[in-house]
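Here my numbering = 1-based position in the sequence shown + 246. As structure tokens, the structure follows; a few thoughts come after it.
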Amino acid sequence: MSISMYKASVPVCIRMLNNLIGILEKGAAHCEEKGIDPTVLVNGRLFPDMFPLVRQVQIASDIAKRGAARLAGLEPETVPDTETSFDDMIGRVRGVIAFLEAFEPAQIDGSEARPITFKLRGADVTFDGQTFLLNFVLPNVFFHITTAYNILRHNGVVIGKPDYLGQL
Numbered sequence: 247m248s249i250s251m252y253k254a255s256v257p258v259c260i261r262m263l264n265n266l267i268g269i270l271e272k273g274a275a276h277c278e279e280k281g282i283d284p285t286v287l288v289n290g291r292l293f294p295d296m297f298p299l300v301r302q303v304q305i306a307s308d309i310a311k312r313g314a315a316r317l318a319g320l321e322p323e324t325v326p327d328t329e330t331s332f333d334d335m336i337g338r339v340r341g342v343i344a345f346l347e348a349f350e351p352a353q354i355d356g357s358e359a360r361p362i363t364f365k366l367r368g369a370d371v372t373f374d375g376q377t378f379l380l381n382f383v384l385p386n387v388f389f390h391i392t393t394a395y396n397i398l399r400h401n402g403v404v405i406g407k408p409d410y411l412g413q414l
């Protein structure tokens, strides 16, 4: 039995983005409870040459949104990166979830062989739909959500694997 491109993409991204919201909400609550300026965590990094929390959230949400759009044969809308708070980040992720929830399976199913071309680090790259989803979209969404989780955990936010995985 095979899994459809829709089921392997949209519900997976929605689930992980909802888990990201829960993690961010715990980060905001941690700041309030401990009297920490939230911008410390919003701009927190694991290492100086890595992106801060806010950028991890922006990238995870952008990849999920652009991934679904490209699998559906649509040109994804660009959203400016203006978030400066936990509320801003949560709002951005909620907006992407709403965007993803609007897709019907028929828009994405059958996209396995669809050529998908986009710029990556200034160069055009082309994938077939299945390779794009399995080797680019999902690993990037997971990586950036994991890194956001790790930034918050490193800064003392009480979160664990169940927060990352969500309700099983």
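Note that the Cβ used here is the ideal one computed from N, Cα and C, for glycine as well. Bear in mind that the values here come from a model prediction, so they are computed numbers and not experimental data.
Nearest candidate by alpha-carbon position, reference residue i, set the options
i      : options                           : result
Tyr410 : Ser248, Ile269, Pro257 and Ser255 : Ile269
Thr393 : Leu266, Ser255 and Val371         : Leu266
Tyr252 : Met335, Gly313 and Thr363         : Gly313
Ser235 : Glu278, Gly337 and Glu358         : Summary: the structure shown does not reach residue 235, with the chain confined to residues 247 through 414, and so no result is reported for it.
Gly256 : Asp283, Val300, Leu317 and Pro284 : Per the sequence shown, the amino acid found at residue 256 is Val instead of Gly. If we check each option's Cα against that of Val256, Leu317 comes out closest.
Ser331 : Ala275, Ile391 and Gly375         : Ala275
Leu398 : Glu321, Ser250, Ala348 and Pro298 : Pro298
Leu346 : Ala315, Met296 and Gln376         : Ala315
Val288 : Gln413, Ile405, Asp374 and Tyr395 : Tyr395
Lys280 : Val404, Leu414, Asn264 and Gln413 : Val404
Gly273 : Asn264, Pro284 and Leu263         : Pro284
Arg301 : Pro326, Ala348, Leu366 and Lys365 : Pro326
Gly356 : Thr372, Ala348 and Gln376         : Gln376
Pro322 : Ile260, Lys365 and His400         : Lys365
Gly402 : Leu414, Glu278 and Leu320         : Glu278
Leu349 : Leu414, Gly319 and Val286         : Per the sequence shown, the amino acid found at residue 349 is Phe instead of Leu. Closest by alpha carbon: Gly319.
Residue i burial status per 10 Å Cβ neighbour count (16 or more: buried)
i      : result
Asp333 : exposed
Glu329 : buried
Phe293 : exposed
Ile254 : According to the sequence as given, residue 254 is Ala; it is not Ile. Buried, because 16 or more other Cβ atoms sit within 10 Å of the Cβ of Ala254.
Gly290 : buried
Val303 : buried
Under 8 Å between C-beta atoms of residue i and residue j
i      : j      : result
Ile362 : Phe378 : yes
Ile336 : Glu271 : yes
Leu263 : Val383 : no
Asp370 : Arg360 : no
Ser250 : Pro351 : yes
Arg261 : Gly406 : no
Bridge partner(s) assigned by DSSP for residue i
i      : result
Lys365 : Asp370
Original post:
Should the stretch 301-316 be regarded as contacting the stretch 378-387, the criterion being three or more beta carbon pairs within less than 8 Å?
Top reply: yes
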